[in-house]
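Once you know that position 94 of the sequence shown is 79 in my numbering, the rest is easy, because the numbers rise by one and skip nothing.
Ideal placement from N, C-alpha and C gives every residue a C-beta, glycine not left out.
None of the values given here were measured: they were computed from a predicted structure.
Following: one structure in structure tokens, then a few remarks.
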Amino acid sequence: MDSDTVPVELAPVRDFLNTLDVEDGTDALPHPQALHDWLVEQGLLQPATRVSKAEFEQTLALRAALRSLVSAHPDQRPSAEVEAATLAARGYPLRVEFDGDGTPALTADNDTVAGAMARLLAGLPLAVAGGTWQRLKLCAAESCEWAYYDTSKNRSRRWCSMDVCGNREKTRTFRQRQAAHP
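Shown next as structure tokens:
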């Protein structure tokens, strides 16, 4: 799990996807209070805001939809994954605001869970425009599935870490080939 240089617009999404740790079998968001704490820690939500069970479930549905979308090859994303992510993100309103010099930015309230999640998603159009969205991937190792930013020149990296997951997968396939031809 390399500590990649991730564009600022994708870092919150990557971190959100990694609240589910497949390798350890843990979820950093097991209940609404954990989601509240995580959103506050990320600077996306005011501490006084409560997270309802429905908001919690909507957030987990969004995470699942985004993980599914990111796990698919960028050029071959099935329409079902695209539709699921669209539906999951639909309830998070964004608006355009202008800063002091008139520069527009997508933003949302930070006193609601919907606003917090909208702020998390606000960087995605920038990532698409900057050509970085397709570099956000899930590790190809089924025992890992960690979200990472692909920094390879030709965007072909498959594992979050060549030293850990890449090595495990290559060793596993080598042993399978050796066992097939004793």
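Measuring straight from C-alpha to C-alpha, what distance separates residue i and residue j?
i           : j           : result
residue 103 : residue 138 : 31 Å
residue 4   : residue 14  : 7 Å
residue -6  : residue 111 : 7 Å
residue 96  : residue 165 : 59 Å
residue 72  : residue 114 : 22 Å
residue 1   : residue 37  : 18 Å
residue 120 : residue 128 : 21 Å
residue 17  : residue 7   : 20 Å
residue -14 : residue 82  : Bear in mind that a pLDDT of 43 at residue -14, under 50, signals an unreliable position, so the number given afterwards is only what the model happens to contain. So the alpha carbons of these two residues sit roughly 36 Å apart.
residue 79  : residue 109 : 12 Å
residue 30  : residue -3  : 13 Å
residue 52  : residue 67  : 11 Å
residue 23  : residue 12  : 12 Å
residue 143 : residue 92  : 33 Å
residue 85  : residue 9   : 45 Å
Output needed for residue i: all residues of its chain with C-beta closer than 7 Å, excluding positions within five of it in sequence on either side, in chain order.
i          : result
residue -9 : -1 and 134
residue 74 : 47 and 106
residue 94 : 100
residue 25 : 32
residue 69 : 50 and 53
Measuring alpha carbon to alpha carbon, tell me which of the options ends up nearest residue i.
i           : options             : result
residue 65  : 50, 77 and 145      : 50
residue 19  : 9, 8, 10 and 32     : 32
residue 150 : 141, 126 and 34     : 126
residue 42  : 30, 60, 67 and 76   : 76
residue 170 : 34, 60, 44 and 55   : What the structure shows of the chain is the stretch from -14 to 167, and residue 170 is not part of that stretch, so it cannot be assessed.
residue 118 : 144, 163, 60 and 87 : 60
residue 21  : 136, 10 and 45      : 45
How far does the beta strand (DSSP E) with residue i in it extend, from its first residue to its last?
i           : result
residue 90  : 89 to 92
residue 123 : 121 to 123
residue 114 : Run containing residue 114: none in the beta strand (DSSP E); it sits in the alpha helix (DSSP H), 109 to 114.
residue 132 : 132 to 134
Using C-beta distances below 6 Å, list every residue in its chain close to residue i, excluding the 5 sequence neighbours before and after it, in chain order.
i           : result
residue 40  : 98
residue 132 : -1, 2, 3 and 123
residue 141 : none
residue 34  : 96
Does residue i come within less than 7 Å of chain D when only Cβ atoms are used?
i           : result
residue 103 : In the displayed structure, chain D is absent; only one protein chain is listed.
Which residues mark the beginning and the end of the alpha helix (DSSP H) in which residue i is found?
i           : result
residue 101 : 98 to 106
residue -4  : -4 to 2
Beta-carbon within less than 8 Å of residue i's beta-carbon, same chain only, minus the 5 sequence neighbours each way: which residues are those?
i          : result
residue 89 : 81, 82 and 83
residue 57 : 63 and 66
Next on the checklist: In chain order, what are the residue ranges of uninterrupted beta strand (DSSP E) at least 3 long that sit wholly in the segment 19 to 96?
Outcome noted: List check, beta strand (DSSP E) in window: 80 to 83 and 89 to 92.
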